[in-house]
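Sequence order for the protein chains is A and B.
Sequential numbering of the first sequence, starting at 833, is according to our numbering.
Sequential numbering of the second sequence, starting at 833, is according to our numbering.
The beta-carbon is built from N, C-alpha and C at its ideal position, and this holds for glycine as well.
These notes are about the structure you will find just below.
Protein chains: 2
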Amino acid sequence: MYMHMSRFWLSAISCALVAAPVRADEGMWLFSSPPLDRLQQDHNAALTPEWLLHLQQSSVRFNSGGSGSFVSADGLVITNHHVGADSIHKLGDATHDYARDGFVAATPADELKCHDLELNVLVSIEDVTARVQAAVAADMPPDEAFPARRAAMAAIEQESLAATGLRSDVVTLYQGGAYHLYRSKKYTDVRLVFAPEQQIAFFGGDADNFEFPRYNLDICFFRAYEEGRPARVPHHLAWGTEAVAEGDLVFVSGHPGNTDRGRTVAELVSMRDRSIPFQLATLNRLEAVYGAFSARGPEERRQAMGDLFGVQNGRKARQGVLAGLLDPQILAAKRAEEHERRKTLEQRPAGGTSPYVRIEQAQATLDGIALRLRALEGGLAFNSGFFGRARTILRAVEERSKPSGERLREYRDSNRESLEIGLFSAEPLYDELEAVTLADSLTWLATAFGGDDELVTSVLAGKSPRDRAAELIAGTGLGRRSAGGAGAPPDHRRPLYEGGAAALAASSDTMLALARLVDGESRSLRRIAEEAEEVKRQAHAEIAAARFATEGTAMYPDATFTLRLAFGTVRGYGGPGPGRIDPITTYAGLFARAAAKRDTPPFDLPPRWQAMRDALQADAGFMATPFNFASTADIIGGNSGSPVVDRHGRLVGVIFDGNIESLVLDVAYDDRRARAISVDATGILAALRRVYRAESLVKEVLATVPAGR
Amino acid sequence: MYMHMSRFWLSAISCALVAAPVRADEGMWLFSSPPLDRLQQDHNAALTPEWLLHLQQSSVRFNSGGSGSFVSADGLVITNHHVGADSIHKLGDATHDYARDGFVAATPADELKCHDLELNVLVSIEDVTARVQAAVAADMPPDEAFPARRAAMAAIEQESLAATGLRSDVVTLYQGGAYHLYRSKKYTDVRLVFAPEQQIAFFGGDADNFEFPRYNLDICFFRAYEEGRPARVPHHLAWGTEAVAEGDLVFVSGHPGNTDRGRTVAELVSMRDRSIPFQLATLNRLEAVYGAFSARGPEERRQAMGDLFGVQNGRKARQGVLAGLLDPQILAAKRAEEHERRKTLEQRPAGGTSPYVRIEQAQATLDGIALRLRALEGGLAFNSGFFGRARTILRAVEERSKPSGERLREYRDSNRESLEIGLFSAEPLYDELEAVTLADSLTWLATAFGGDDELVTSVLAGKSPRDRAAELIAGTGLGRRSAGGAGAPPDHRRPLYEGGAAALAASSDTMLALARLVDGESRSLRRIAEEAEEVKRQAHAEIAAARFATEGTAMYPDATFTLRLAFGTVRGYGGPGPGRIDPITTYAGLFARAAAKRDTPPFDLPPRWQAMRDALQADAGFMATPFNFASTADIIGGNSGSPVVDRHGRLVGVIFDGNIESLVLDVAYDDRRARAISVDATGILAALRRVYRAESLVKEVLATVPAGR
């Protein structure tokens, strides 16, 4: 499934130019410069500014890493089950497992408030490139350029926030070729309305993940609230009641998280030989850790399930990118293209060091510090929710004493509310699980640098990783404990956060002490990384400028978890003849697959579906209803939950995945076999009506079906 | 569970002296020098030569990595289910899953012949130290010393085989302090008699593995055949019909695979910082691979189950050893002890380079080549049953042209029959699984050395790992295919093996070509490793000699998968008071644990047990029967299936595991919390009678209960 992987990695910011001329349905386009000509030409589609604005403002970004859309005037939001899963999971406890059992709010009063979910709706886009670039003089060294750029961006954000009250983010596009100010309306009171059972949302589990054909009801509904009442939203999508057919043009509006199409060969080789292998090793280790913990019993399984799915998903996604990078054809094409472009660029008179060389050098710097950077700043050595909170409090207090523009970027004033939502989350932490993941990550730290390394011995403080983890968890009060922790300090996040330096100095919290112990090295590693990234940013900007000059602006920037418009056609693949895969599956296919797999997990249906199996199978109309469909739209992790609309702007599906061949889209678009996969909107309606009898929900989403826009 | 991990690693031969004076029930003793005085003194037990010989010749070694014992005069053997699992698994196909469903041979004619199982019974032990040492002159460099020693060992083995017809192995003990000739009777026609369902054999799965209290019927029965009839064996154990009680003295006779108690600090640090982290990363990766394949469906699960359990088991075992090495107390004790011993040794006049320094240097050499050695000679880069067969055929043909004593050790004449049993196994190979594991290991190879490495590009031959794996598997005929492989070459293992160099040269088998491609580098890496091991062997022998001189011979060598005698007492741990764990569990405990875990896998009972649940729970006698018990006996992986006998030599249990605290026994004995875990012999009888109604089996094992020996 398609998620934005912000949780496990310090994701190197990577937005660069796309490679080669765009093909067919390629592109993750900015709403501010949609490919109008190509749509007109290839698909005879004329998009109006109103059409675009309506889709843009109906689209929703989830801070947990995903996309969604408004589907009623009362703030009802549809997204994927796996996008909502983190929030759904956190609402549970030892006697409620909403992820496993599903959830239906019978009345608005029953809707459950999420612990730390924030939704954003993009209201406006403003080009601020000139102002950001003006802050950085042409000959500034990176250790001055980076802070200067950061300060300029923070100032723009702060002014905008003060002027509009809207969340304001300056986003870097074309790897520094452009800077846009995105203003978003923020919803922080978000409640769970409906979720099906995990087992039908993720039918086929890890085995079928990133595969097609598929049979997943991977959706759930939330509702945005304002002042304690359902938010009245100005835009929402009409629900399409006609199923898509092969060949239909569809649009996807969502937040692709990260692509690497504009990276240079040196960067791609580093990904192939270094960062992805490292990520995979980490994911494999975490899969074993969460898998073993889950196997201890049903309650342990509930606690670790979200993390387990997350790492399995990440593992399969990274394997797909790696497979692409190990495909000699893909890298050969990248090499040939770069060779041409480089020749032109490096022949300029008095050009100084080639930007390609500067990128290579900066990449070598990053590779050299990568392990320690990931261990400390990336937090891989301290896999504990308590540690994350400790560091946030420590840094928030320290950074607060500086002007907003000089702080580490996440502590800038304009981000304060979002930061606090995460920090003060009511999410329960589980002592046993924390102890296991912390001991595992401390063990990893020791093996990564050797048991006699100075950092290792100071972190372990003369104890084994297991004993040290137990001690750290017993002595911290930086979170809400679910169970256990008898004798542990009470939750004192807020007094420490608000108490400032004096409160921190007086605290004996173990996790705060650990965060302080490693913060010096962690910060200095980050500084090195940020300066190397700044070198790359400037070099990429140079490459971008050269391309703008020769190829014009009909290109899109690499994905950056900002709102993008993609389009494509509903289309199967393989064949013709045997091996051909049709683009649309049905409920009949779901039951056939469960039977073929003898209902063995992960191919078992939830109890509700099992109980209704005979009745549903006797219902020919239901069985023939489209369930999932494939299209050529250009998407990637972060697009999960994106609305899929037809040319009239009506919701016809919800993106939830790509097939295995789509995973290379990270580095290059390919429409021969790569496909985006959606839950069909008519299939969703059928399940809500026939299986869940969620009449009020159906009524709400069908309330106003406009005649076509 | 306790298995000998020979499958995944090129296990560095590691047999060295034990550290520090032995404590309490410590020791994996040679049958040729049992600790008679200590047993007399501590336990008032007087072992006679007859008692020892009877136990020795009732003990059985499994070539698949485990132990067992004869329990009837007609060659009936009991071992662990998890020791037999590999053979049980290989007997299955898409319509028979004996591992999951269990197996009961109603009559002798129904017993199923295993594909490649070999059992050995140790007949005699002869000290050949003088002859082996005489072959190596004092000042020989390692590149002469190693072949000279190998040739001397091979000659002794070959003479013994010719003279006695018995399997003859010269084993290295005390890391070169002694060499013994072990002669074994070999059984190669071995048939499956009885196996319970995997789910009761391994109740609690990975979650409860290496834990206590436990509730596992981890046993199965095989029968050795000779000339098509049940073998009449001269020794077998009488079945004890009285349950053990806390405080009882017990003996364990089995084949502990490998311990590292005699390693120097430099070697232990290398294990801690290098080899174990590497092994864990590999196991984590394989766990994800086999786990993902298993999740594809029930048949895929059956195919991969054995490997999946193997890697989960290995992961937990290695984590335990690593935890021990990261415990500062353990390494501090090792350091202090070595410091003392080293001082004495290095003060000798004209001693040349200290053996500790030579070991450190040799270890550095080994560390330097470890990655490539593991990839090629260890086969980690080519995780495919076809590849293993290809290399064996290639090398067998090449080595055959040399005198036996100059060959790679596994190709010596005296080992030929055992080698062929493995090579020509009728075990089916599964194309899809092979393709997945081979693609994964080729991907790993590329990431380990970088996608542009010369070895990598020549192995991948311009293709992606996935495409290359598919091509290799489609083009090989070196195995029996279970399914798929339409168009693939037929099985031509035997014609190639027997056809010699000409047949190999004429073959276009893809896997043979791959094996040939990498064999040059692989062999030269092995040569470097063997010479470094020879340096260590000589240095360890020097350390050993110094210790023999000061401490006498009342010590035991590190485990080497040869027969050893351990002893201990049935004893609980923890407490007194809350936290105290009793040493004996019952069937009542089994049902209680299943209920507490809501029968959720891996805590679900097999259908037969579920159906009988009420009846069994109503049977107070059955419910109170001992099921598993813990003792202080000194065991390690490879001891799985070992008979546990009382002072009268009667079978009272079968070793199947150690608790989590026992995993550090690899590097140091500790009887405070470390415990060996056995299935109780009376518990086995109760299950056979009450649950499986295996009357004839019960009758056979109770046929001759001697009055006590």
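How far does the alpha helix (DSSP H) with residue i in it extend, from its first residue to its last?
i, result
"E1362/A", "T1342 to E1383"
"V1121/A", "I1108 to S1126"
"P979/B", "P974 to T996"
"R1232/A", "G1217 to R1232"
"A1391/B", "Here A1391/B belongs to no alpha helix (DSSP H), and DSSP marks it neither H nor E."
"L908/B", "L908/B -> not in any alpha helix (DSSP H); beta strand (DSSP E) instead, spanning L908 to T911."
"E858/A", "Element bounds for E858/A: n/a, residue is neither H nor E."
"F1256/B", "Run containing F1256/B: none; DSSP gives neither H nor E here."
"P1130/A", "P1130 to L1157"
"H875/B", "L868 to H875"
Taking only three categories from DSSP, how would you classify residue i?
i, result
"P853/B", "Any reading at P853/B is ruled out, since the residue's pLDDT is 49, under 50, leaving its predicted position unreliable."
"G1332/B", "helix"
"H1067/A", "coil"
"P940/A", "helix"
"K1166/A", "helix"
"S811/A", "A question about residue 811/A goes unanswered here, because the residues of chain A that appear run from 833 up to 1541."
"G898/B", "strand"
"L1212/A", "coil"
"A967/A", "coil"
"F1314/A", "The displayed chain sequence assigns Ser, not Phe, to residue 1314/A. Of the three classes helix, strand and coil, the one that applies to S1314/A here is strand, per DSSP."
"F1488/B", "strand"
"A1077/A", "coil"
"F1026/A", "strand"
"V1097/A", "helix"
"P1187/A", "helix"
"K1175/B", "helix"
"R1326/A", "helix"
"L884/B", "helix"
"L879/A", "coil"
Locate the beta strand (DSSP E) running through residue i, then write down its first and last residues.
i, result
"Y1243/B", "Run containing Y1243/B: none; DSSP gives neither H nor E here."
"T1269/A", "Run containing T1269/A: none in the beta strand (DSSP E); it sits in the alpha helix (DSSP H), D1263 to F1281."
"E958/A", "L951 to D959"
Determine which residues share a DSSP beta bridge with residue i and list them.
i, result
"V1003/B", "H1012/B"
"G1086/B", "R1396/B"
"H928/A", "D925/A"
"K1018/B", "N952/B"
"R893/A", "S899/A and N952/A"
Measure how close the beta-carbons of residue i and residue j come, nearest whole angstrom, since I'm counting them as under 8 Å.
i, j, result
"G1400/B", "V1076/B", "Contact flag wrong, Cβ pair sits at about 11 Å."
"G1237/B", "A987/B", "6 Å"
"S890/A", "H1067/A", "5 Å"
"R1425/B", "Y1047/B", "6 Å"
"L908/B", "R1055/B", "5 Å"
"A1039/A", "P1415/A", "A1039/A to P1415/A, Cβ: 21 Å. No contact."
Uninterrupted alpha helix (DSSP H) stretches inside the stretch 1398 to 1480 of chain A (no shorter than 4 residues)
1419 to 1428, 1439 to 1443, 1445 to 1449 and 1452 to 1455
Mind listing, in chain order, the continuous alpha helix (DSSP H) runs of no fewer than 4 residues lying wholly within the stretch 1031 to 1063 of chain A?
1037 to 1040
Beta strand (DSSP E) runs contained entirely in the stretch 1491 to 1535 of chain A, provided each spans 3 or more residues
1508 to 1512
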